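Protein chains in written order, with UniProt numbering: chain A, 1 to 309; chain B, 1 to 309; chain C, 1 to 309; chain D, 1 to 309.
Number of protein chains: 4
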Amino acid sequence: MIYQFIPQLYYNTIGQHPPIMTIRDGDTVITTTVDARGWDNNGESAATGGNPMTGPFYVEEAMPGDTLAVKFESITPNRDWAWTTNMLAPAVIEPYVAASLPASDIVRWTVDVSQGVAYLKEPSPGLAELKLPLRPFLGCFGVAPSNGQFISTATSGEYGGNMDYKGLVAGTTVYFPVSSKGALFYLGDGHALQGDGEIIGTGLEISMDVRFTVSVQKGKKIGWPRGENDTHWFCIGNARPLDQALQHATTEMYRLLQEDFDLMSSEASLLLGQAVEYEIANMFNPAYSVVCKLPKSVLSQLYREKRVQ
Amino acid sequence: MIYQFIPQLYYNTIGQHPPIMTIRDGDTVITTTVDARGWDNNGESAATGGNPMTGPFYVEEAMPGDTLAVKFESITPNRDWAWTTNMLAPAVIEPYVAASLPASDIVRWTVDVSQGVAYLKEPSPGLAELKLPLRPFLGCFGVAPSNGQFISTATSGEYGGNMDYKGLVAGTTVYFPVSSKGALFYLGDGHALQGDGEIIGTGLEISMDVRFTVSVQKGKKIGWPRGENDTHWFCIGNARPLDQALQHATTEMYRLLQEDFDLMSSEASLLLGQAVEYEIANMFNPAYSVVCKLPKSVLSQLYREKRVQ
Amino acid sequence: MIYQFIPQLYYNTIGQHPPIMTIRDGDTVITTTVDARGWDNNGESAATGGNPMTGPFYVEEAMPGDTLAVKFESITPNRDWAWTTNMLAPAVIEPYVAASLPASDIVRWTVDVSQGVAYLKEPSPGLAELKLPLRPFLGCFGVAPSNGQFISTATSGEYGGNMDYKGLVAGTTVYFPVSSKGALFYLGDGHALQGDGEIIGTGLEISMDVRFTVSVQKGKKIGWPRGENDTHWFCIGNARPLDQALQHATTEMYRLLQEDFDLMSSEASLLLGQAVEYEIANMFNPAYSVVCKLPKSVLSQLYREKRVQ
Amino acid sequence: MIYQFIPQLYYNTIGQHPPIMTIRDGDTVITTTVDARGWDNNGESAATGGNPMTGPFYVEEAMPGDTLAVKFESITPNRDWAWTTNMLAPAVIEPYVAASLPASDIVRWTVDVSQGVAYLKEPSPGLAELKLPLRPFLGCFGVAPSNGQFISTATSGEYGGNMDYKGLVAGTTVYFPVSSKGALFYLGDGHALQGDGEIIGTGLEISMDVRFTVSVQKGKKIGWPRGENDTHWFCIGNARPLDQALQHATTEMYRLLQEDFDLMSSEASLLLGQAVEYEIANMFNPAYSVVCKLPKSVLSQLYREKRVQ
């Protein structure tokens, strides 16, 4: 089934709120998200700021201990402007330099979806010619966290949340560990593009049209969000500091290699040691996010006989 | 001038040791390095282990406060095998999983320079078909550190050292802040290839033939190693934990944008926020290394009139 | 008023659960808490493990933006045994040593309240003579967090929670920032004694009789838990890593000195620089806790005329 | 033997500099140190700033693998004033607050040794009545580091160095792992008093008269500085971030309990878990310092029969 859903209310926590729609394994949803401050496609305030979420979607088959897969088929800005801050976050700069930075302002960008580019509306001379390619993704999405918690959409954890990973573009499938009946999937916080680390605290914040399809992997137990695109498998760890976020991401990939590719400790270590790639997704939110990746071109070389068992 | 230098002794600290050769701005050196344990191209022990260095090369024009540029023209394995460890470092894994890992062993890889690939000499079944493309670089190189220090080649700092950054392949130019007369350039610790983070504690450790050319930028003052290749400018920060390494790298790039591209704080912030890329070079050594990168395709869009002044 | 409250149900999250009792500024409550696994004074399972909380108590006058003061008049173990784990947490030991530690077991201690000591029930020879003085406190207590969140009692934040600070003994007054109507105060997770850092992951876990009195400071806005005993004022920061927990605690103390003692930046800095004391409360929970303290003997020397204004 | 030594030159690195005096196990030295900027007892510049060291003293019997014990018999300020900075270091404050702090100035304190107190020479009103008790100690001392390194006196490591631990007062014995022939002991950077963490970047910086006695423990191998006073045994870990410094300190104490008190893993863990105390020595230098302590009143309860074996 393909559903169209027009949100009327938005949540600023991810938890066991009453579902706004029930869907089933294999269903597709076409919906919209407002931006991080709650501004919609018309630039009007539709929700309270702080990453208001569309959802939750209750997925009929999903039970605690399962995995929910969400394939993003399209993520498209639905207005022609975005906003960002304009000053580096203190956490990414040496303390004595951070102390010298001016206060941050909000600036506006033109987002030209047909040309696939964004540029500052009123650039200062140094950036007058700057045009950056669009790479739209959602900064915050996930499922209800464990133990009945309701957690602010400012942060993230095993359940997903505000990971702000620029790699989560259309074409990507993301996997979440399910902790509550129906999984309760939320989404929002669209970015038209963003650098690594979200180091000024925002991407190009914008409202989005989104199309996604869910599926449930019964009895498949994972620890942290995993994902897959044409070229890579990846795992996301969310924590502070970066060291710990990286530990979660690497541990999840190590488990993926053991469980899904039947590798021993030494095999997984040798492979990761020489082929792993990392991305720093965000170093701004209460939990930082680090992504541990392996190329499918490498994974495809793993001993087949074992994998088909 | 092009010099050929055959090392006879090697140092395990970087500091103001007596120079083994004096060269000048523009000179090229062809030399060799032994591997991290001191084994040479014949697989014989030529030096005491712990990243023994070829050098130091005294660069005539270099004075404290200058920048030394080193362009690597070639870095080529000069034997047909390399070694690695085979177990993830505890620092990159969740503590309770780290506690369950077996002890690490040394394993050997075949390095086929003509085919440009490496593979395990005696793979267990899971990795029997694995072939990885070579990407040779030097793990440890740099200039004498400040204040007359002599620092172990296990670690790194503003002066370079054991950064283990897989991006430092042939074709790259690296810039170092000069702290002592003659700069005193050292090099060694070749890796035939390596993943991000050096997360098993080694790349494919191997001896190398190296060709490099030095130049001196008089009066150009930088804070941390910078580098340049066909596609990017980058800055390297070395410290623990990852957060601090990233802070140094980002601060150095912020200065580069201000000094070399005349950007204001807000311009540098807007650009970095939406276009920065990070790499985790190593998360194993006493100082971790993080690389902050900007694409030349983006930098080339910066307002020209300012830059040519 | 003095109320006696016998809990029937316990919560494993801190949030806006329905109050179990409404009290007013100045009221005193006499109640009990079960231990971290939910075992009560009879050693029977009375609640689901993971720091089950007694409460929440709704404090009539408390509104968002106020401060809730809780004075602990007595915290007394109400059974004669406690349990602990018996192995150091990996986070407090060098990684390669952590990897060599045996798995942790649960061991029992005798708690002799009349003698004021605890000792192992079945000690191995090395600890056969060990008797440690009791110092009972509550590991986890606080008020509903901001933004309608419900957060697991495993962790902590601005609202308090699982701070496991051994200094929070009877005689201490703790101050919390109120985020929801009625504050909603919870308490539990008694420890008969504990070392700094809770570095084996438990104190002497035990059920307690507790007596406390609440008061509301209308319009007094604080950022993190503060506290006071006969000798010190202190502030608690909860975060990972230790560096960040310490930053929160120090910042809160810096604000306390500015707001409650009228000090300028330089005065607060000079005082803290030469008189501050830190305690590491826990380095085990998802958020670590660091305590920033100043002796009342020093604070009493601050310029009086300013303070009485 | 008791030697008097009047320093003529000072070093700003700790390493294998030529000894200024040879002494033997059991010998006592009476000497002086200049302050962190090189100012002596007359307030005159006697050395280049950055913790200039008196020494090195060559201890005849000390060989790599031994332990050098240094008992401080007296540490006494030898002038009547000290200096400090006056602003919190950015590392100890939340980043957005740190960015709002004014720049730091140098201020002078009167040091009255006969009364045992210090107070600001020109206090602003808020601190007009402040008098703090003296507690003189040396901020930086240690032995030549391993592998022939020469390391700046700004930082610290296994060999000691700039630990700035306020507990290292007269009456304390400190133990260092010896890495080079003669150990090569250095000392300097006196503080008349200091708070935990050295959080404004200085203690009360002052020149000192020092009397110490050395002894050599042949074949006793330790990993990090250890110490002992009337009430405690302690171990010091030096690293960034705090988490890692604490790991080194705890690991060294764990080894001390195993080696010197014959405890098993579980016994050492149980003891540390319920009796450990931590101090944050410095959170300012390139390496932070954390101290792991155990009371002698607890250690004296350990099973004797095992200990006397």
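All C-beta atoms in this analysis are idealised placements derived from N, C-alpha and C, irrespective of residue type, glycine included. Being a predicted model, the structure only gives us computed values, none of them experimental.
Proximity of chain C to Y96 of chain B at the Cβ level (cut-off 7 Å) is accounted for by P90, in chain order. Looking at the DSSP output, F5 of chain A sits in a beta bridge with A:T31. When 8 Å is used as the limit between beta carbons, L101 of chain A is near these residues of chain D: A99, in chain order. Taking 4 residues as the minimum length, the alpha helix (DSSP H) runs contained wholly in the segment 81-110 of chain C are 95-98, in order along the chain. With contacts defined as CB atoms closer than 7 Å, G188 of chain C and N51 of chain C qualify as a contacting pair. Under a 10 Å Cβ-count criterion, Y96 of chain A is classified as exposed, with fewer than 16 other Cβ atoms of the shown protein chains found around its own Cβ.
With respect to chain C, the C-beta atom of A36 of chain D has no partner C-beta closer than 7 Å. With a minimum length of 4 residues, the unbroken runs of alpha helix (DSSP H) contained wholly in the segment 199-282 of chain C fall at 242-261 and 265-275.
DSSP, read as helix, strand or coil, puts V178 of chain D in coil. Here I6 of chain D is exposed. Its C-beta has fewer than 16 other C-beta atoms within 10 Å. With respect to the C-alpha of V276 of chain B, the residue from B:V291, B:L138 and B:V111 having the closest C-alpha is B:V291.
S297 of chain D sits in a helix when the DSSP states are folded into three classes. Distance between N42 of chain D and V111 of chain D, taken at the CA atoms: about 14 Å. The straight-line gap separating the alpha-carbon atoms of Q194 of chain B and G273 of chain A is approximately 7 Å. With 16 or more other Cβ atoms from the protein chains shown falling within 10 Å of its own Cβ, T172 of chain D counts as buried.
At a cut-off of 7 Å between beta carbons, T13 of chain D contacts chain B.
Non-local C-beta neighbours of A183 of chain A in its own chain, meaning closer than 6 Å and more than five positions away in sequence, comprise V59, A62, L68 and V143, ordered along the chain. Within 7 Å of the CB of A144 of chain C, no CB atom of chain D is found; the nearest one sits about 23 Å away. Distance from F150 of chain A to G148 of chain C at the Cβ level is roughly 6 Å; contact confirmed, criterion being Cβ atoms closer than 8 Å. Interface flag for P177 of chain D against chain C is unset, since no Cβ pair is found closer than 7 Å.
For M21 of chain D, the enclosing beta strand (DSSP E) starts and ends at M21 to I23.
Against chain A, the beta carbon of P18 of chain B has no neighbour under 8 Å; the closest one sits roughly 35 Å away. Here the alpha carbons of I14 of chain B and D164 of chain B stand approximately 16 Å from one another. Judged by DSSP secondary structure, D66 of chain B falls outside any beta strand (DSSP E); it is assigned neither H nor E. By the CB criterion at 7 Å, G65 of chain C and K181 of chain C fall outside the cutoff. Note that the C-beta distance between S156 of chain A and A287 of chain A is below 7 Å.
Contact annotation: G55 of chain B and S45 of chain B have beta-carbon atoms that are not nearer than 7 Å.
For the 7 Å CB-CB criterion, A103 of chain A and P90 of chain A do not form a contact.
Counted as a single uninterrupted DSSP element, the stretch harbouring H17 of chain B is not any beta strand (DSSP E), since DSSP gives it neither H nor E. Ranked by how close their Cα comes to the Cα of T33 of chain D, the residues D:G116, D:F141 and D:V214 have D:F141 in first place. Nearest C-alpha to S300 of chain A among B:K71, B:L302, B:T48 and B:L127: B:L127. Residues of the segment 148-169 of chain C with a C-beta atom less than 7 Å from some C-beta of chain A are G148, Q149, F150, I151 and S152, listed in chain order.
For E129 of chain D, the nearest CB of chain C lies under 7 Å from its own CB, placing it at the interface with that chain. Judged by DSSP in its simplified three-state form, D40 of chain C adopts coil rather than helix or strand. The Cβ atoms of M283 of chain C and S269 of chain D lie no closer than 7 Å to each other.
The beta carbons of T31 of chain C and V210 of chain C sit closer together than 7 Å.
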